[in-house]
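Engineer: If you scroll down you'll find the structure; I have some questions about it.
Residue numbers (the numbering used here), protein chains in the order written: chain A, 3 to 286; chain B, 95 to 413.
Quick look at the structure:
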C-alpha cells in the first residue's frame, strides 16, 4: 500500500469509529427510554393517580407522592426563582463587569454543577436539625437552593440579549434603571425568562438525593408542610429497591411520569426559545 | 414643558436604591450559600474529624457496631467508578461530537443534537433503575463471565477481573455513570468543535488533508482546552452522582481487587446510610464524607470552569 492508500484507509477507519460511537451512544439511550416506556406503561392505571402509596404486598397508587412532588417543586421554584432572577438582574444590569460579578458568576457555575446530595446535607444541617424532624418545607428549601443557579444563569443570559438601544431610549426619557428594568428589559426578555423557569422546574422535579434527608417520605396523604411528605423521586427509590413486584411496578410508573413531565417541560422551553429567535425581536 | 416634582424625583431615587440593593442582596446570597454549604459541612463533620484525625481518609474500616469509620473505601469507589466512566464516555462522546460537527447531514444534525441534549435532562434516578433491572442482569450473564474467562488469568490486570459475576458492583456503576455523562460530554465537545473557524478547516482541506487529518491536526489542537473543560465537567458530575450509582454499586464498605465486586462511593454511602445512621459519630462521619466530596468536586468543577472561560475569552477575541 502506498502512502495515499494508508491515509485513506486510516481516514475511513476513524470515521467509521465515529459513526459507531454515535450508534452505540444513541442505542444505549434509546434502550433506556424503551425500558422506561414499556415498563412504565405496564404499571400505569387509573389507580396510580387516585390511590395512596400501598404497604408492602398490597396494590395502590402514587397520588400522595405526585401531590407532594408538585407542592415541593412549586414551593421550591417560588422561593428560588425570584432570588435567581434578581441576582441575574444585578449581574446583567448593575454590576456587569465588576470584580464582584466575576466572582459571583464563577461561584454560580460551580453551584450549578455541584452534587445535589451536598445541598441535601446542607439543608439537613441548617433546617432539619433545628426543627428536630424531616419536613416538606426543608425539602422545598433544598429544591429552591438548586433552582437559584439555574434561574440566575438563564436570566443573565436573556437580559444580555435585550438591545442596548432600548435601555438607552428608556434612560433618555429620564427613567431610573429600576424602571427601565421593570418596564422595558423584563418585558423584552419575557419569553427567555419563562424558558429559564421551565428549565429550573424540569431540573428540580427529578431531584432525589436532596429530598432523602429533608422531606424524607410519608406513606399517607399529608398536606402539612412541617411534616415529612411523600414525593415521587424518593418513592421510586424505595419501591425500586424493594423485593415486592407491586412496588417495583409502581416505581416504573412513577419513573415514567417524572421523565415525561421533564421532557415536556424541556421541549416547551426549546419551542419558546426558538419562537423568540425566529421572531427576531430580541436577537443580540 | 413638564415641571419636575421634587417629591416625585426623591421617591424615584428611593425605589432605585431599594431595587438595586434587592438585586445586590440576591447576588451576594449566591456567595453566602456556597459559604454556608462549606461551613455547615465542616461543622457537621467536625466531631468525626476530631475523633479520627487524618486517619479518617486513610482507613478502610467502616463499622457502625464498634463506631469506627474510615473513608478509604468510599474514596476508592468514587475514583474508580468515575475513571471507568470517563474511559468509556470520553472516546464515545468524542466520536458523537465529531459525527455531529463533521460528518452528519445538516438535517440530522439538529435532531440528533436535540435528542442528546434532552437526554441530559433525564433525572439520574431513571438511569439508576435501568442499571439495576436491565444493565446489571445483562452484564452478569453475558459480559462479566466473558471478562473473567479472558482477562482473569492474565498477569497484573487479571486481578481486576476475578471473582464471581455479581452483576452489581464497581464495574456496573462505572458503565451506568458513563451512559449518564455521555450526553454532557458529547454536547460540550460539539459546542467546542463548532467554535473552530471554518477557514482553518478549509485551509487543511486545501492542502489535501483527509477529513480525519483535518480533525486530528486542526480541530483537536484548536479545541484542546475546551475539550478538557468538557471532560472535567463530566468528571465533576460523575464524582458527585448519587442516585444512578446507589442502585447498582452494592454498598459494600471494602476495597476489593476485582472490579466485578460490590463496593461503595462517597455519595451512595451517604444516600444509603444517612437516614438510618444512629449515633452522633456515625452521622458526623457521613457528613465528613460529604465534606470530602464537596472539596473534590469543587476543585474539579473550578478547573473545568476556568478552562471553559479561557476558551470563551479566546472565542470573543478576534483571530
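We put the CB at the ideal spot given by N, CA and C, even for glycine.
With a threshold of 8 Å between beta-carbons, can residue 117 of chain B be considered close to chain A, or not?
Structural biologist: Position 23 of the second chain, counted from the start, is the residue given in the question as residue 117 of chain B. True, the Cβ-Cβ gap to chain A drops below 8 Å.
Engineer: Report yes or no: do the segment 123 to 142 of chain A and the segment 214 to 227 of chain A share at least 3 C-beta pairs separated by less than 8 Å?
Structural biologist: Short answer: they touch.
Engineer: Within 8 Å (strictly less), CB to CB, does residue 61 of chain B reach chain A?
Structural biologist: Not covered by the structure: residue 61 of chain B. The range shown for chain B is 95 to 413.
Engineer: For the segment 158 to 178 of chain B and the segment 240 to 260 of chain B, state whether three or more C-beta atom pairs, one from each stretch, are separated by less than 8 Å.
Structural biologist: Flag = no, the segment 158 to 178 of chain B and the segment 240 to 260 of chain B do not touch.
Engineer: With respect to the alpha helix (DSSP H) encompassing residue 206 of chain A, which residues constitute its N-terminal and C-terminal limits?
Structural biologist: Numbered from its first residue, the first chain carries residue 206 of chain A at position 204. Run containing residue 206 of chain A: 192 to 207, per the alpha helix (DSSP H) assignment.
Engineer: Using a C-beta to C-beta distance shorter than 7 Å, which residues of chain B count as neighbours of residue 1 of chain A?
Structural biologist: Nothing in the structure corresponds to residue 1 of chain A, since chain A is present only between 3 and 286.
Engineer: Hey, could you find the ends of the alpha helix (DSSP H) residue 134 of chain B is sitting in?
Structural biologist: The count along the second chain starts at 1 and reaches residue 134 of chain B at position 40. Element bounds for residue 134 of chain B: 100 to 146.
Engineer: Is the beta carbon of residue 295 of chain B sitting closer than 8 Å to the one on residue 313 of chain B?
Structural biologist: Locating residue 295 of chain B in the second chain gives position 201, where the first residue counts as 1. Locating residue 313 of chain B in the second chain gives position 219, where the first residue counts as 1. Contact: yes.
Engineer: Bridge partners of residue 157 of chain B, per DSSP?
Structural biologist: On the second chain, position 63 is the one that residue 157 of chain B refers to. Answer is B:162.
Engineer: Take residue 57 of chain B and list the residues in its own chain whose beta-carbon comes closer than 8 Å to its own, dropping the five residues that flank it on each side.
Structural biologist: Residue 57 of chain B lies beyond the stretch modelled for chain B, which goes from 95 to 413, so this question has no answer here.
Engineer: One question on the structure: do residue 387 of chain B and residue 361 of chain B come within less than 8 Å of each other, judged by their Cβ atoms?
Structural biologist: Position 293 of the second chain holds residue 387 of chain B. Position 267 of the second chain holds residue 361 of chain B. Result yes, Cβ atoms of residue 387 of chain B and residue 361 of chain B sit closer than 8 Å.
Engineer: Taking only runs of the beta strand (DSSP E) that begin and end inside the segment 253 to 289 of chain B, which ones reach a length of at least 3 residues, in chain order?
Structural biologist: Listed in chain order, there is nothing to give.
Engineer: Can you find a C-beta in chain A that's less than 8 Å from the C-beta of residue 331 of chain B?
Structural biologist: On the second chain, position 237 is the one that residue 331 of chain B refers to. So yes, residue 331 of chain B belongs to the interface.
Engineer: Suppose the cutoff is 6 Å on Cβ atoms and the five residues either side in sequence are ignored; what does the same chain contact list for residue 268 of chain B look like?
Structural biologist: Translated into positions along the second chain, residue 268 of chain B becomes position 174. Excluding residues within five positions, the ones whose Cβ falls inside 6 Å are 175, 178, 179.
Engineer: Answer yes if the segment 148 to 160 of chain A comes into contact with the segment 110 to 117 of chain A, meaning at least three C-beta pairs across the two stretches below 8 Å, and no otherwise.
Structural biologist: Judged by Cβ distances under 8 Å, the segment 110 to 117 of chain A makes contact with the segment 148 to 160 of chain A, as three or more pairs qualify.
Engineer: Tell me whether the beta-carbon of residue 95 of chain A lies closer than 8 Å to the beta-carbon of residue 230 of chain A.
Structural biologist: Working through the first chain from its first residue, we reach residue 95 of chain A at position 93. Working through the first chain from its first residue, we reach residue 230 of chain A at position 228. Going by C-beta atoms, residue 95 of chain A is not nearer than 8 Å to residue 230 of chain A.
Engineer: Classify residue 266 of chain A: buried if its beta carbon has 16 or more other beta carbons within 10 angstroms, exposed otherwise.
Structural biologist: Here residue 266 of chain A refers to the residue found at position 264 when the first chain is read from its first residue. Classification for residue 266 of chain A: exposed.
Engineer: Is the shortest distance between the beta-carbon of residue 189 of chain A and the beta-carbons of chain B less than 8 Å?
Structural biologist: By 1-based counting over the first chain, the position of residue 189 of chain A is 187. Closer than 8 Å: no.
Engineer: Does DSSP put residue 178 of chain A in a helix, in a strand, or in coil?
Structural biologist: Here residue 178 of chain A is taken as the residue at index 176 of the first chain, counted from 1. The answer is coil: DSSP assigns residue 178 of chain A none of H, G, I, E or B.
Engineer: Tell me whether residue 424 of chain B sits in a helix, a strand or coil according to DSSP, three-state version.
Structural biologist: Limits of chain B in this structure are 95 at one end and 413 at the other, which puts residue 424 of chain B out of reach.
Engineer: If we define contact as Cβ-Cβ less than 8 Å, is residue 156 of chain B a contact residue for chain A?
Structural biologist: As a working note, residue 156 of chain B is residue 62 in the second chain. Not one chain A Cβ lies under 8 Å of residue 156 of chain B.
Engineer: Determine whether the Cβ of residue 216 of chain A lies closer than 8 Å to any Cβ atom of chain B.
Structural biologist: One-based indexing of the first chain puts residue 216 of chain A at position 214. So no, residue 216 of chain A is outside the interface.
Engineer: Less than 8 Å between CB atoms is the rule here; does residue 127 of chain A satisfy it with respect to chain B?
Structural biologist: The residue given as residue 127 of chain A occupies position 125 in the first chain. With 8 Å as the cut-off, residue 127 of chain A counts as an interface residue toward chain B.
Engineer: How big is the Cα-Cα spacing for residue 248 of chain A and residue 59 of chain A?
Structural biologist: As a position in the first chain, residue 248 of chain A is number 246, starting the count at 1. As a position in the first chain, residue 59 of chain A is number 57, starting the count at 1. Near 7 Å, if we compare the C-alpha coordinates of residue 59 of chain A and residue 248 of chain A.
Engineer: Would you call residue 304 of chain B buried or exposed, if buried means 16 or more other Cβ atoms sit within 10 Å of its Cβ?
Structural biologist: On the second chain, position 210 is the one that residue 304 of chain B refers to. Counting Cβ neighbours within 10 Å, residue 304 of chain B comes out buried, since at least 16 surround it.
Engineer: Among A:17, A:223, A:212, which residue has its Cα nearest to the Cα of residue 217 of chain B?
Structural biologist: Looking up residue 217 of chain B in the second chain gives position 123. Measuring from the Cα of residue 217 of chain B, the nearest candidate turns out to be A:212.
Engineer: Distance, Cα to Cα, residue 355 of chain B vs residue 236 of chain B?
Structural biologist: For the purposes of this step, residue 355 of chain B is taken as the residue at position 261 of the second chain. For the purposes of this step, residue 236 of chain B is taken as the residue at position 142 of the second chain. Cα to Cα, the separation comes out at about 16 Å.
Engineer: May I ask which residues mark the beginning and end of the alpha helix (DSSP H) holding residue 235 of chain A?
Structural biologist: Residue 235 of chain A sits at position 233 when you count from the first residue of the first chain. 234 to 242 is the extent of the alpha helix (DSSP H) around residue 235 of chain A.
Engineer: In the DSSP assignment, find the alpha helix (DSSP H) that holds residue 212 of chain A and state where it starts and stops.
Structural biologist: On the first chain, residue 212 of chain A is found 210 positions in, with the first residue counted as 1. Segment 211 to 214, the alpha helix (DSSP H) holding residue 212 of chain A.
Engineer: Name the residue from A:144, A:256, A:104 whose alpha carbon lies nearest to the alpha carbon of residue 93 of chain A.
Structural biologist: Working through the first chain from its first residue, we reach residue 93 of chain A at position 91. Among A:144, A:256, A:104, the Cα nearest to that of residue 93 of chain A belongs to A:104.
Engineer: Beta-carbon of residue 123 of chain A versus every beta-carbon of chain B: anything under 8 Å?
Structural biologist: In the first chain, counting from the first residue as 1, residue 123 of chain A sits at position 121. Yes, its Cβ sits closer than 8 Å to a Cβ of chain B.
Engineer: Within 10 angstroms of the Cβ of residue 347 of chain B, are there 16 or more other Cβ atoms? Answer buried if so, exposed if not.
Structural biologist: The residue labelled residue 347 of chain B in the question sits at position 253 within the second chain. It is buried - the Cβ of residue 347 of chain B has at least 16 other Cβ atoms within 10 Å.
Engineer: Considering only residues of the segment 65 to 142 of chain A, which uninterrupted alpha helix (DSSP H) runs meet the minimum length of 4 residues and lie entirely inside it, listed in chain order?
Structural biologist: Here the runs fully enclosed are 65 to 91, 101 to 115, 118 to 125.
Engineer: Taking one C-beta from the segment 76 to 84 of chain A and one from the segment 191 to 208 of chain A each time, how about it: are there three or more such pairs within less than 8 Å?
Structural biologist: Touching, yes, given that three or more Cβ pairs across the two stretches are closer than 8 Å.
Engineer: Between the C-alpha atoms of residue 306 of chain B and residue 285 of chain B, what's the straight-line distance to the nearest angstrom?
Structural biologist: For this step, residue 306 of chain B is matched to residue 212 along the second chain. For this step, residue 285 of chain B is matched to residue 191 along the second chain. Distance between the alpha carbons of residue 306 of chain B and residue 285 of chain B: 19 Å.
Engineer: Suppose the cutoff is 8 Å on Cβ atoms and the five residues either side in sequence are ignored; what does the same chain contact list for residue 44 of chain A look like?
Structural biologist: Numbered from its first residue, the first chain carries residue 44 of chain A at position 42. Answer for residue 44 of chain A: 251, 254, listed in chain order.
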